[in-house]
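> Remember, the numbering used here sits 1 above the position in the sequence shown when you count from 1. Yeah, the Cβ is synthetic: ideal placement off N, Cα and C, and Gly gets one too. Quick one: structure below, then a few questions.
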Amino acid sequence: MSIYNDYIQEIEDRKAQGLHPKPIDGAELTSEIINQIKSVNNFNRENAVIFFIYNTLPGTTGAAVVKAQFLKEIILGETTVAEITPDFAFELLSHMKGGPSIKVLLDIALADNGDKAHKAADVLKTQVFLYDADTDRLKEAYNNGNDIAKEILESYAQAEFFTKLPEVAEEIKVVTFIAGIGDISTDLLSPGNQAHSRSDRELHGKCMITPEAQEEIKALQALHPDKSVMLVAEKGTMGVGSSRMSGVNNVALWTGKKSSPYIPFVNIAPIVGGTNGISPIFLTTVDVTGGIGIDLKNWVKKMDENGNVIRNENDEPILEQVYAIETGTVLNINTKTKKLYNGDQELIDISKALTAQKMEFMKAGGSYAIVFGKKIQTFAARILGIEAPLVFAPAKEVSIEGQGLTAVEKIFNRNAVGLTPGKVLHAGSDVRVEVNIVGSQDTTGLMTAQELEAMAATVISPIVDGAYQSGCHTASVWDKKAQANIPKLMKFMNEFGVITARDPKGEYHAMTDVIHKVLNDITIDEWAIIIGGDSHTRMSKGVAFGADSGTVALALATGEASMPIPESVKVTFTGEMKQHMDFRDVVHATQLQMLQQFDGENVFQGRIIEVHIGTLLADQAFTFTDWTAEMKAKASICISQDDTLIESLEIAKKRIQIMIDKGMDNHNQVLQGLINKANKRIEEIKTGIKPALMPDINARYFAEVVIDLNIINEPMIADPDVNNVDVSKRYTHDTIRDLTFYGGDKKVDLSFVGSCMVHKDDLKIVSQMLRNIEKQTGKVEFKAPLVVAAPTYNIIDELKAEGDWEYLQKYSGFEFSDALPKSTARTEYENIMYLERPGCNLCMGNQEKAAKGDTVMATSTRLFQGRVVEDRDGKKGESLLASTPVVVLSAILGRIPNIEEYKLAVEGINLTKFTPISTKQ
């Protein structure tokens, strides 16, 4: 009873927070609940029945295992429960998705159980989350002449699990809620500082936008009970920043519909819109839940009579409203005409939001059901020896004779599954591809684990070359939240077959390295496809896609992903970098020059950036590919030269070997396998059998951007522009300003060198700059705090070997200790240098933060409101993003330097340089 009493106490505690009982996932508590149900006169029996029916999680959770077995006892008449008849027990099993429920249904269906067998078969015909153990049983029974097995397989072959579902309504009525003006960051929908609660969906839902916004949404629902609330980013893009499944979960929790009456707080079918559409990775997450994402286009650039863009005094395009959307506007989505209406007035074509494939996701309640459904249909047809009927919308195939392939088109064609032999596909084609590398990060990892349990997966797909579970997002502070969540996550992932940053057995040293850096190292083939649970999954080898926790789970479970081949934008460079410039300035200038070349239109958005920076090693090139998330690109590909790629792979091998030496490899020897594959790839390049990936000379691009290095004369700073009178222009990453703009007198309250954007050379720059300053002034004195967090332990080890770490220690006032990790987040900073533990640190914003209202100068990736620094009364927090030397000097001076001060400070320092190469073949 003690575990049940603990649960009752937890319920009382949650009531005080306005929360319902927490969903049950454990076997022990579920077993105790079942014992109370069996005890007819038990005082707790009534509540126990409710908990059992409505508050246990499905899939492969411990609770689901025990629940499925008890329902089997009821169906077979071994136990009688007045509230749960055998028919109701079958209904409950039908909502449990897979794993133990499928096993129980197969037990009943394939045994000589008469009417019960047929009822079990009827339920099985609706299920799609079957794995090898399940399909093997069906195959064996069919081969042994079992009629029920044949009946089930015939149903699967006809895809009745899909065809018998209700059709999507022709008209979907919505009422709009303006969630914000300008880009809506996923931090607004699911704040990073609440990451610890993401797996507790109801609790996490409390943090969406604001309590006032939540009340407005509830009021709209009361006024319009027949309509869905559509969240809108007015004059902006919805869901920028990350895929963040928790953000979509929150939107669905407040505005969607229940996925099942028996699964608590799992909602589906959210509807979102944005003037400039939906961020690509966020839209994928919307698809996962069977939702709708609409590019509203309700504001457009104003044109003169000659078709030229009209600009304001700041040389920015002036927008004009095409149609009005306000909170409370009633609209109709017509899924047949694929138009958006206000009453009888047609507003816009929304066919891109309602493609045949997306309509299937809506009908099935999400994309997973379609992915697994197609697999089970193919399996059944093969066993029956028949051709599977065409039920699902055929994959779109775009093949243009005589047209070459971009780099991403080559990778997708190489990794495609089920492609017609000899067929070559171009951008726009729908493709199912094998995934080589998968990454899960620690603040979304528990959700990924939940998704794996929900889809009844128990072991990593053998297709995947390697997978890594990070500990970087919770590296800064080992507090009670981290201690409660992270060991459980690491144990689950380790047992699943993933290489884990922390050893559940405690045998190797915890590695809190930034996930993207590790994924970049374990990607040992530039032809690879990588899926990672973070928007900065942007490797400089292969093509990498940031994804929601569910898509990560799907890649881990199946080794596959499905998506259209994206269009590409080619980026090349001309000219020469100035001696005092750093490559980070080139990255920012790329965004600025692109916007200037295309009249303010972001041609990168939703596309692949194919960047030709082949003379840079993978570590340095990652600074560019990483930033493409801020450019709103879907992904990026770095085109590398043979010798550079070989050197990058040799570095990767050494770092993987260090992981092996630490004891991180598993029984499948995944890490050793990666080294073997790297050796094979190096040999292919050296012998000329398969040179480094290059696009075809006659490949076709959506656009080509040429960046002129000659005109980059000053460090370039990405500014959140927090006081722009046009609210929609705040907190974007499109405002890029040179150093002189700030006049050498803008106060800086804190500087941060860290995040996935920096590499070893950046830490060496810090060391060299401090030595320079000491030589010039006789001392190193900070007028603002400088926080330094190396992204990986490997970098620290290499800095120690090269003599730089001792200088950083010399000038620091704090150095992290693995033996005594911080248990509380720092809230106040002194004017010293802090050497923090490897990991995300301030960039994530879930643990450490700057003081409210601070002006922060950082090397990180995010400048969204509230991410690194929150506002205070009378002063907006702002996070400006710049190169390492600018950030360090800002801490020394307590302000942004002028160009003369900057040049003096970097004199003689080895900044990260880049020399363009010819793209001709």
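Does the pairing of the segment 817-825 with the segment 735-743 give three or more beta-carbon distances under 8 Å?
no
> Which word fits G403, buried or exposed, when buried means at least 16 other C-beta atoms lie within 10 angstroms of its C-beta?
Within the sequence shown, the letter at position 402 stands for residue 403. That one is exposed.
> Excluding the 5 residues flanking N343 on each side, which residues of the same chain have their C-beta closer than 6 Å to its C-beta?
On the sequence shown, residue 343 is found 342 positions in, with the first residue counted as 1. So the list reads L332, once near-sequence residues are dropped.
> Taking A485 as the reference, give the member of L58, H197 and T330 with the closest Cα.
For this step, residue 485 is matched to residue 484 along the sequence shown. For the residues L58, H197 and T330, the minimum Cα distance to A485 belongs to H197.
> Within this structure, are the beta carbons of F783 and I893 separated by less than 8 Å?
Reading the sequence shown from its first residue, position 782 is the one you call residue 783. Reading the sequence shown from its first residue, position 892 is the one you call residue 893. Result yes, Cβ atoms of F783 and I893 sit closer than 8 Å.
> If we call anything under 8 Å between Cβ atoms a contact, is M239 one with F283?
Position 238 of the sequence shown holds residue 239. Position 282 of the sequence shown holds residue 283. Cβ distance < 8 Å, so M239 and F283 count as in contact.
> How would you write the range of the beta strand (DSSP E) that T177 sits in, first residue to last?
Within the sequence shown, numbered from 1, the residue matching residue 177 stands at position 176. Taken as a continuous stretch (DSSP letters only), the beta strand (DSSP E) holding T177 covers E172 to I182.
> A562: buried (16+ other C-beta within 10 angstroms of its C-beta) or exposed?
On the sequence shown, residue 562 is found 561 positions in, with the first residue counted as 1. Looking at its Cβ environment, which holds 16 or more other Cβ atoms inside 10 Å, A562 is buried.
> Can you check DSSP and say which residues form a bridge with Y903?
Position 902 of the sequence shown, counted from the start, is the residue given in the question as residue 903. The partner list for Y903 (beta bridge, DSSP) is empty, contrary to what the question assumes.
> For T57, which beta-bridge partners are listed by DSSP?
Stepping through the sequence shown from its first residue, residue 57 is reached at position 56. T57 pairs with I25.
> Does DSSP put I566 in a helix, a strand or coil?
Here residue 566 refers to the residue found at position 565 of the sequence shown. Three-state result, I566: coil.
> For Y263, which option in L555, G60 and I272 has the closest C-alpha, if you only look at C-alpha atoms?
If you number the sequence shown from 1, residue 263 lands on position 262. Taking only the C-alpha atoms, the option nearest Y263 is G60.
> Taking all protein chains shown into account, decide if K921 is buried (16 or more other Cβ within 10 angstroms of its Cβ) or exposed.
In the sequence shown, the residue the question calls residue 921 occupies position 920. In this predicted model, K921 has a pLDDT of only 46, less than 50, meaning its place in the structure is not dependable enough to derive any value.
> Can you find the residues in the same chain that come closer than 7 Å, C-beta to C-beta, to K258, ignoring five residues on each side of it along the sequence?
Locating residue 258 in the sequence shown gives position 257, counting from the first residue. Contacts found: N268, I269 and A270.
> Compare the beta carbon distance of G452 and A548 with 8 Å and say whether it is the shorter of the two.
Walking along the sequence shown from the start, residue 452 turns up at place 451. Walking along the sequence shown from the start, residue 548 turns up at place 547. According to the sequence as given, residue 452 is Glu; it is not Gly. Contact: no.
> Using a Cβ-Cβ cutoff of less than 6 Å, which residues in the same chain neighbour K73 once the five nearest sequence positions on both sides are dropped?
Taking the first residue of the sequence shown as position 1, residue 73 is located at position 72. Result list for K73: V105, in chain order.
> Could you work out which residue in P226, G275, E631 and S477 is closest to L821 when comparing CA atoms only?
In the sequence shown, residue 821 corresponds to position 820, counting from 1. Out of P226, G275, E631 and S477, S477 has the C-alpha closest to the C-alpha of L821.
> Compute the distance between the beta-carbons of P716 and A883, then report whether it is under 8 Å.
As a working mapping, residue 716 is identified with position 715 in the sequence shown. As a working mapping, residue 883 is identified with position 882 in the sequence shown. Yes; because the gap between Cβ atoms is below 8 Å, this pair is in contact.
> With C-beta atoms as the reference, is K542 less than 8 Å away from T793?
On the sequence shown, position 541 is the one that residue 542 refers to. On the sequence shown, position 792 is the one that residue 793 refers to. It is not a contact, given that the beta carbons lie outside the stated cut-off.
> Classify T591 as buried or exposed, calling it buried when 16 or more other Cβ atoms lie within 10 Å of its own Cβ.
Residue mapping note: residue 591 aligns to position 590 of the sequence shown, counting from 1. The residue is buried, with at least 16 neighbouring Cβ atoms inside 10 Å.
> Since N335 sits in a beta bridge, which residues does DSSP pair it with?
Stepping through the sequence shown from its first residue, residue 335 is reached at position 334. Answer is E172 and K340, bridged to N335.
> How many angstroms separate the CA atom of S550 from the CA atom of I708?
For the purposes of this step, residue 550 is taken as residue 549 along the sequence shown, with counting starting at 1. For the purposes of this step, residue 708 is taken as residue 707 along the sequence shown, with counting starting at 1. The straight-line gap from Cα to Cα measures roughly 35 Å.
> From which residue to which residue does the beta strand (DSSP E) around K302 run?
For the purposes of this step, residue 302 is taken as residue 301 along the sequence shown, with counting starting at 1. Per DSSP, K302 belongs to the beta strand (DSSP E) from W300 to K302.
> Secondary structure at G193, three-state DSSP: helix, strand or coil?
Stepping through the sequence shown from its first residue, residue 193 is reached at position 192. Helix, per DSSP.
> Given that a residue counts as buried once 16 or more other Cβ atoms are within 10 Å of its Cβ, and exposed if not, what is I311?
Within the sequence shown, numbered from 1, the residue matching residue 311 stands at position 310. For I311, the number of other beta carbons within 10 angstroms of its own is below 16, and it is reported as exposed.
> Can you find the residues in the same chain that come closer than 8 Å, C-beta to C-beta, to P898, ignoring five residues on each side of it along the sequence?
Residue numbering aside, residue 898 sits at position 897 when the sequence shown is read from its first letter. If we look at P898 and ignore the five residues flanking it on each side, its Cβ neighbours are L740, G745, V887, L890, S891 and A906.
> Take the Cβ of M481 as the centre, count every other Cβ of all protein chains shown within 10 Å, and call the residue buried at 16 or more, exposed below.
Position 480 of the sequence shown, counted from the first residue, corresponds to residue 481. Per the sequence shown, residue 481 should be read as Lys rather than Met. By the neighbour-count rule (16 or more Cβ atoms within 10 Å), K481 is not buried but exposed.
> Suppose the cutoff is 6 Å on Cβ atoms and the five residues either side in sequence are ignored; what does the same chain contact list for D620 look like?
By 1-based counting over the sequence shown, the position of residue 620 is 619. Here the set comprises H760.
> Restricting to runs no shorter than 4 residues, where is the alpha helix (DSSP H) found entirely within the segment 636-683?
Correct list: 643-663.
> Taking its Cβ as the centre, do 16 or more other Cβ atoms sit within 10 Å of T164, making it buried, or is it exposed?
Your numbering for residue 164 matches position 163 in the sequence shown. It is exposed - the Cβ of T164 has fewer than 16 other Cβ atoms within 10 Å.
> When you compare only the Cα positions, how much space is there between G674 and A17?
Sequence index remark: in the sequence shown, residue 674 carries index 673 (1-based). Sequence index remark: in the sequence shown, residue 17 carries index 16 (1-based). For G674 and A17, the distance between alpha carbons rounds to 52 Å.
> Based on the DSSP output, what are the partners of E152 in its beta bridges?
Indexing the sequence shown from 1 puts residue 152 at position 151. DSSP output for E152 lists no bridge partner at all.
> Skipping 5 residues on each side, what residues in its chain have a beta carbon closer than 7 Å to that of A122?
The residue labelled residue 122 in the question sits at position 121 within the sequence shown. Closer than 7 Å at the Cβ level, and outside the excluded window around A122, lie A110, I149, E152 and I153.
> Whole angstroms are fine: how far does the CA of A180 sit from the CA of Q222?
In the sequence shown, residue 222 corresponds to position 221, counting from 1. In the sequence shown, residue 180 corresponds to position 179, counting from 1. If you take the alpha carbons of Q222 and A180, they lie about 15 Å apart.
> Tell me which residues share the same chain as K635 and place their Cβ nearer than 8 Å to its Cβ, disregarding the 5 neighbours each side in the sequence.
One-based indexing of the sequence shown puts residue 635 at position 634. Once the five neighbours on either side are set aside, the close Cβ partners of K635 are P281, I282, F546, P567, G607, R608 and I609.
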